[in-house]
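Below is one structure, written out as structure tokens, with a few remarks after it.
In the numbering used here, the protein residues as written are 42 to 157.
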């Protein structure tokens, strides 16, 4: 199912905010992987961190904790207002969690006034 017009270009690499096609032409990446590549392409620190983690543990599911996850959760709590953190694997999972949280909050605090 196509959700948009696919342009006739194939990218082979990226560096920072630039991407390059098969002919070596340079393009400014204003899409950022539909907002999932906000740090740009191929930053050496990001590449090193991903390679290091891939050499230790890739993914376990949300049924278990991992050391990087626990460290990030602690840091987020230190730097912001909530006392808890909930990580999601996708935007769909995050939206579902937000709806459930809103329903639970509305039921507890407003007699269901914010039912979704």
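For glycine and all other residues, C-beta sits at the position ideal for the given N, C-alpha and C. Computed from a prediction, not measured in an experiment: that's the story for all the values here.
List the endpoints of the continuous alpha helix (DSSP H) containing residue i.
i, result
"residue 120", "108-120"
"residue 60", "That residue, residue 60, is in no alpha helix (DSSP H); its beta strand (DSSP E) goes 59-62."
"residue 54", "Looking at the DSSP string, residue 54 is not in any alpha helix (DSSP H); the run it does join, the beta strand (DSSP E), is 52-56."
"residue 136", "132-150"
"residue 75", "73-76"
Note down the Cα distance separating residue i from residue j, rounded to an integer number of angstroms.
i, j, result
"residue 140", "residue 109", "27 Å"
"residue 92", "residue 84", "12 Å"
"residue 138", "residue 115", "20 Å"
"residue 56", "residue 144", "43 Å"
Let me make sure I understand the geometry here. Which of the options has the alpha-carbon closest to that of residue i?
i, options, result
"residue 67", "94, 135 and 54", "54"
"residue 19", "142, 132 and 51", "Residue coverage of the chain in this structure runs from 42 to 157, which leaves residue 19 outside it and unanswerable."
"residue 103", "90, 126, 119 and 115", "126"
"residue 61", "82, 107, 43 and 106", "82"
Would you mind reading off the limits of the beta strand (DSSP E) that contains residue i?
i, result
"residue 80", "Premise fails: residue 80 is in no beta strand (DSSP E) and is neither H nor E."
"residue 69", "67-69"
Just checking my contact of residue i with residue j at CB under 8 Å: how many whole Å lie between their CB atoms?
i, j, result
"residue 80", "residue 69", "Wrong, their Cβ atoms sit about 16 Å apart, outside the cutoff."
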